[in-house]
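Here's the structure, in structure tokens; my notes come after.
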Amino acid sequence: MLELHIWGPAFGLPSFDPECIAAVAYCRRALPAGSWILIANHDPYPSPSKDFPAIHDTESNTWAGGYGAILRHLRSRQAQATGAIDLDADLSSKQRADRAAYTTHVRSRALPLIDLALYTSYQNYSQATSAAFTALLPWHANYTIPPQRRAAARRRTAHLSLSGWDIDEEEEQEMERRHRDAGAAGKEYNAALEKATATGQRPSLLPLGRNRGILAALRRPEHAVQFKLDVLVTDFVEALDELLAAEGKDYLLSEPGAGSYGKELPSSLDCIALGYFSLLLFPDFPQPVVGDIVRSRYPRVSSYAVRLRGELLGKGRLSVDDVLALNELPQDLNTIEGFRAERRMHLPWSPLPGRSMGVVLRNISLEFLACFPTILSSITPAPIIRSTTSDSSAMIVRLPPPAAARSINYLVASGVGTMLLMGGAVIYGMKYRDRGPRDLIFFAQRPSGFARFGEAGAMLAALGRQMGPDLRV
Amino acid sequence: MSADEDRPPSRGPDVASAFAVPGPVKRLFARFPLRVYPPNGPPLRAPQNRRDPVLYVFATRRGAVAGAPSFNPGCLKWQAFLKFRGVRFVLASSSNHASPSGALPFLLPAGSLPPDPVPSNRLAKWASDAAGYPEENSPTSREFSYLGLVDHNIRRAWLYSLYLTPNFDSVATPLYINATSSAAAVRLFLARELVNAATDALLGTSSVIDAAQLYSEADDAFESLSILLGEDSWFFGADSPGILDAAIFSYTEPLIQERLGGGGMWVDGTLRQMVLGRPRLVDHRNRILGMYF
């Protein structure tokens, strides 16, 4: 049995990570139904890439992490025995070259767009992405995974200087104030216009001065963002649009009449493209700029993405609650299959295998430690995986760090770490309490007043109500 | 009253007198300078040839004089491209600290005063202007995608191979560190900085640096480029080499050299073997070296 572990569902899609969606699409098409299951996980520790997607072969107890490694694993002999087909088997050498080039193209050009749409845009992050994380992740992971992913996305998009999108709440109020000013300027203009027409003068077309008129409007951060996004989207989509343009192709690399399974097959490139397009096109963002540009300018590409989604991921929106509800079911195959059929889940979702308390505790403490960059970096070596040979199928070993220097670090850091763990947890909790409900949605649901103290609180409240009238007398 | 109107309306006279230079002092300083010396000549190491534009690249001093290919792929790409366009230029050995944009290469056009350096992202346009080439076609979307193979797959594997393997001590240290400073502390610090920069660049998009994955992606890229080149002399069957030829040459050339920049041998020769195993890419490199260098 093959277990595909991915970051869990969000936005009605199987995952909030493009590579995970790509892996799901590939497995659904390449593996016979029943030979694999899909698990929404949030602890990438066992994966060699320390990230998802990762595939776990339960027979040989091996892991493969990352889309490329999963494909290599599925092409290997023992996976072929389970009836896996290679979606890229029929490609000519020219098509293989194109596959490599366009796969890199999609990854390198679309990742910044997804970073911008999901994480850098404050509006989207606070209203859509953050809420999706809250619905999906257990409470402790919500303190670490979303901020980590957002920080990484902001680092990756920092060079684009699209800071017009990345505004905090105070700046947002500042923007609102400026909008009001702009409205006031409009009234001023109208008043001047009326006065001018009354006295019979010809009004000047544009009210002059700083921050007024059309040019100033175009220089406002929102519009500068729009222009830059337009360039980024064109760079990404144009090439794929041209690929699809030739002779009405179904898939990016297909030639009409090819394919040995009776029907044309999508390639691994189509799966990658679907993964990235899904996150750009299908979520309902409060700020849907990127998706809008693709939909309005490249109808061919967006209809290709919609068709591919129906074919590879199944029709309809996926509900997070359904996937999480699987974890509460009794662990027997028939119940799970029945539940999947009842909720019309097209993918072989399965419950997350239970983990021991020790593992959970280890993860939580590691996550807390990660808040102190100096400690974690001094106890863990640079995450480099060197294979013993250049042969990619060879066993992968983790080189130990240079011994002498690290062992001292280790002793000091673990001592300091345990001391700081408690204090850190307190500080961290306070820091997040102050961030307000928009950054971490679930704080909004916290009861306030006496209700915070549970039953005791209810008693106190009742007492208070009783005492209230007495005191007033 | 009329006298009042003639006077400037400000409180001028009182304030002005406080700041005005007294007559004797003014006359004294009007005599200076007493003597003007002729200007100093330029230092001996100043560029002698000012008629040609200067491309500042990573190069050994001897390499710069001979116009040899730079050992840094980012620089070599533009060095080769300028040569393809037939632009005359001289090389100057430099470092990132000298560049206005913080990264090499940059070009100083001949006789421009004040100096107006051209950073690498404007070099393509500058080259076609300088060579009187017809308007440079912006790369087609296909060319664009294949350039991505070089700029991502091959570059990432190169960063890993040069900075995070024993190649760092044998190849990178003599070229980038020992040439910059002879002080042990400075060298140690620079080495740390280089390794950290490479690690950060590789960790930007993934949580771990997986050597097997990086090398396999680079291998895919070399294979794809070899297939794309086919039996043609230049990519896309063009009459003359273009930006993709320059980009791939900037990695094949340093990898094929046994001792890069006269330094040490490649210890981890994985990437080198990938290139040497593809005769079309080796021929392509030899063709460029023979025709343009």
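Keeping their order, the protein sequence lines are chains V and B. For what it's worth, this note's numbering labels the leading residue of the first sequence as 1, then goes sequentially. For what it's worth, this note's numbering labels the leading residue of the second sequence as 1001, then goes sequentially. Backbone N, C-alpha and C fix where the C-beta goes; we use that ideal spot for every residue, glycine too. Treat the numbers as computed from the prediction; the structure is a model and nothing was measured.
| Asked | Found |
| --- | --- |
| Where residue 246/V meets chain B, residues with beta-carbon distance less than 8 angstroms | Neighbours of residue 246/V on chain B: none; closest Cβ ~12 angstroms, over 8 angstroms. |
| Sub-8 angstroms separation of residue 282/V and residue 52/V beta-carbons | no |
| Three-state class that DSSP yields for residue 140/V in the structure shown | coil |
| Residue 1092/B versus residue 1054/B: straight-line alpha-carbon distance, rounded | 7 angstroms |
| Proximity test, Cβ basis, 8 angstroms: residue 146/V and chain B | no |
| Cβ shell of residue 113/V (< 7 angstroms), same chain only, five flanking positions each side left out | 232, 233, 236, 280 and 290 |
| Contact the segment 1183-1197 of chain B vs the segment 1272-1279 of chain B: 3+ CB pairs below 8 angstroms | no |
| Alpha carbon of residue 1076/B to alpha carbon of residue 1087/B, nearest angstrom | 15 angstroms |
| Reference residue 1073/B, options 1028/B, 1269/B, 1152/B and 1241/B, closest by Cα | 1152/B |
| Test: residue 104/V CB closer than 8 angstroms to a CB of chain B | yes |
| Best match in 1119/B, 1031/B, 1085/B and 1033/B for proximity to residue 1057/B [C-alpha to C-alpha] | 1119/B |
| Stretch pair the segment 66-74 of chain V + the segment 292-312 of chain V: three plus CB contacts closer than 8 angstroms | no |
| Where the beta strand (DSSP E) containing residue 3/V begins and where it ends | 2-7 |
| Contact set between the segment 1196-1218 of chain B and chain V, restricted to residues whose Cβ is under 8 angstroms from the partner | 1199, 1203, 1204, 1205, 1206, 1207, 1208, 1209, 1210, 1211, 1212, 1213, 1215, 1216 and 1217 |
| Residue closest to residue 4/V, alpha-carbon to alpha-carbon, out of 23/V, 93/V and 16/V | 23/V |
| Cα-Cα separation, residue 296/V to residue 96/V | 31 angstroms |
| Any C-beta of chain V under 8 angstroms from that of residue 1164/B | yes |
| Under the three-state DSSP convention, the category residue 345/V falls into | coil |
| Cβ-Cβ distance between residue 153/V and residue 120/V below 8 angstroms | yes |
| Whole-angstrom distance between residue 287/V and residue 207/V, CA atom to CA atom | Its pLDDT being 48, under 50, residue 207/V is placed unreliably by the model, and the measurement read from it follows with that caveat. About 30 angstroms. |
| Reduced DSSP category for residue 11/V - H, G, I as helix; E, B as strand; rest coil | coil |
| Contact between the segment 29-46 of chain V and the segment 89-105 of chain V (3+ Cβ pairs under 8 angstroms) | no |
| Given 8 angstroms, three or more beta-carbon pairs between the segment 1141-1150 of chain B and the segment 1098-1116 of chain B | no |
| Inter-stretch contact at 8 angstroms, needing at least 3 Cβ pairs: the segment 310-326 of chain V / the segment 6-20 of chain V | yes |
| Min CB distance residue 383/V to chain B below 8 angstroms | yes |
| Presumed contact (8 angstroms Cβ cut-off) between residue 1208/B and residue 385/V, rounded CB distance | 6 angstroms |
| As assigned by DSSP and simplified to three states, the class of residue 155/V | helix |
| CB contact below 8 angstroms: residue 108/V versus chain B | yes |
| Coarse secondary structure for residue 1119/B, derived from DSSP in three states | strand |
| Sequence-distant residues of the same chain with beta carbon closer than 6 angstroms to residue 116/V, five excluded per side | 157 |
| Contact check, residue 243/V vs residue 25/V, beta carbons under 8 angstroms | no |
| Any 3 or more C-beta pairs closer than 8 angstroms across the segment 1228-1238 of chain B and the segment 1159-1168 of chain B | no |
| Spatial distance of residue 334/V from residue 1155/B (CA atoms) | 50 angstroms |
| Residue 1247/B versus 1139/B, 1267/B, 1062/B and 1028/B, residue with shortest Cα-Cα distance | 1139/B |
| Anticipated Cβ contact below 8 angstroms, residue 49/V with residue 1245/B, distance rounded | At roughly 34 angstroms, the Cβ-Cβ gap does not stay under 8 angstroms, so residue 49/V and residue 1245/B are not in contact. |
| Buried versus exposed call for residue 1251/B [16 or more other C-beta atoms within 10 Å across all chains shown] | buried |
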